[in-house]
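Under my numbering, read the sequence shown as residues 22 to 321, first letter to last.
Structure first, then comments.
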Amino acid sequence: MSGTFGNPRPVRLFSSHFDGDLLASVMPLPAPTSRFSISSPWHSPSVLSFPAAAADRLSVPLHSELRFPRRSSKGGALVISMASGESDSLPIYGGVFRPFEEIKQELALVPSGPDKSLARQKYSEMCEVALNEQINVEYNVSYVYHAMFAYFDRDNIALTGFANFFESSDEKRDHVVNLMEYQNKRGGRVKLQSILMPLSEYDHPEKEDALHVNNFVRFAAMELSLSLEKLTNEKLLNLHRVAQQCHDAQLADFIDSDFLRKQVGDIEKISEYVAQLRRVGKGYGVWHFDQMLLQKKVVA
């Protein structure tokens, strides 16, 4: 049979002997020429030509089947499968998957050296370096929080609620472990960097009154915590940008789902604490806020 596409293009059907009605038409296909192969349950295929006058405009998707009823006591249906005559360079929709052909390039990329990662795939050096930098940032923040915990836990400071709040450095170390595990999962190498020694004293040198010093400390500590959380968020956003620039969807999703969403909540919470501390004033207000942190078991 001869028919045409929406842009007139000839179509030829290769069929077994046909004794039925044409019940379908064919739509435009990407290939300049396409062919139909017909399988029949009652006899082997052969070529059959249909008069052009009998053809209607055909309309079926690529690599689909056309079924025609057979006027015969044997029953059954005539099945037509369509395949594109286009070159292998074009996308194949519904085509045969040839795994051994497609993995040739991947096989060539499998490292043979004992010091090379076998799991690494589509993981750029830029992403690896940026992830190691984030590990260092999280370690430094954890180190500062641990020093602040030790300060507020002193017997002459005795603000247990603040101490428990900054004891959340354990959570920051959990972030580090999470990042390290992901680095290894992607075939990267964890490279730890130097950590600077944090302050151990938070007294203001220009203040003499002990009460005033303590009030300054609770302001400075919480504001420092807010600054650290914002810095961490900025570094995470930078890591996310690197992942996007390298078209690493997996790393971008990991940073977004495991870190960035929670980081926004942490910034909001500490911002509220800074605002509240500025309102409570000296003396009893500081103690009351400390008790609130203690009872709620709030962590940074």
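Glycine included, every Cβ here is placed at the ideal spot set by N, Cα and C.
Because the structure is a prediction, the values reported are computed rather than measured.
Query raised in the report: Alpha carbon to alpha carbon, how far is Arg175 from Asp279?
Result: Within the sequence shown, the letter at position 154 stands for residue 175. Within the sequence shown, the letter at position 258 stands for residue 279. Each residue's alpha carbon lies about 34 Å from the other.
**Report entry** Local conformation of Phe218 per DSSP, three classes
**Finding:** Counting from 1 along the sequence shown, the entry for residue 218 is found at position 197. Note on identity: in this sequence residue 218 is Met, with Phe being the wrong assignment. Here Met218 sits in coil by DSSP.
**Report entry** Helix, strand or coil at Val100 [DSSP, three-state]
**Finding:** Counting from one through the sequence shown, the residue named residue 100 turns up at place 79. Note on Val100: pLDDT 45, under 50, position unreliable in the model; the coordinate value appears next. Val100 falls in the strand class under three-state DSSP.
Requested in this report: Determine the extent of the alpha helix (DSSP H) in which Asp269 is found, giving its start and end residues.
Outcome: In the sequence shown, counting from the first residue as 1, residue 269 sits at position 248. Element bounds for Asp269: n/a, residue is neither H nor E.
Query raised in the report: Quick one: any contact between the segment 153-169 and the segment 253-263, if contact means 3 or more CB pairs under 8 Å?
Result: Yes, the segment 153-169 is in contact with the segment 253-263.
Report task. Return the residue from the list Pro135, Leu152 and Ala241 that minimises the CA-CA distance to Arg263. Result -> Numbered from its first residue, the sequence shown carries residue 263 at position 242. Rather than Arg, the amino acid found at residue 263 in this sequence is Val. Residue nearest to Val263 within the set Pro135, Leu152 and Ala241 is Leu152 (criterion: CA-CA distance).
Report task. Go ahead and pull the three-state DSSP assignment for Pro135. Result -> For the purposes of this step, residue 135 is identified with residue 114 of the sequence shown, where counting begins at 1. Pro135: coil per DSSP, three-state reduction.
Query - contact_flag[the segment 174-188, the segment 138-151] where n(CB pairs < 8 Å) is 3 or more - result: Two segments are said to touch when three or more pairs of C-beta atoms, one from each, lie closer than 8 Å; by this definition the segment 174-188 does not touch the segment 138-151.
Report task. Say whether the segment 305-315 touches the segment 264-274, bearing in mind that this needs 3 or more beta-carbon pairs closer than 8 Å, one atom from each stretch. Result -> Taking 8 Å as the limit for Cβ pairs, the verdict is that the segment 264-274 does not touch the segment 305-315.
**Report entry** Endpoints, alpha helix (DSSP H) assigned at Asp311
**Finding:** Numbered from its first residue, the sequence shown carries residue 311 at position 290. Counting along the chain, the alpha helix (DSSP H) containing Asp311 begins and ends at Tyr305 to Lys317.
Report task. Please work out which residues of its chain come closer than 6 Å, Cβ to Cβ, to Val269, disregarding the five sequence neighbours upstream and downstream, and give them in chain order. Result -> The count along the sequence shown starts at 1 and reaches residue 269 at position 248. Strictly speaking, residue 269 in this sequence is Asp, with Val absent from that position. Same-chain partners within the cutoff: Cys148.
Query raised in the report: When DSSP labels each residue in this structure, what does Asp279 get in the three-state scheme?
Result: Position 258 of the sequence shown holds residue 279. When DSSP states are grouped into helix, strand and coil, Asp279 belongs to the helix group.
Query raised in the report: Out of curiosity, what's the CA-to-CA distance linking Ile216 and Arg194?
Result: Stepping through the sequence shown from its first residue, residue 216 is reached at position 195. Stepping through the sequence shown from its first residue, residue 194 is reached at position 173. The alpha-carbon separation between Ile216 and Arg194 amounts to approximately 13 Å.
Report task. Note the first and the last residue of the continuous alpha helix (DSSP H) segment covering Ala184. Result -> Here the question's residue 184 lines up with position 163 in the sequence shown. Where Ala184 is concerned, the enclosing alpha helix (DSSP H) stretches over Thr181 to Phe187.
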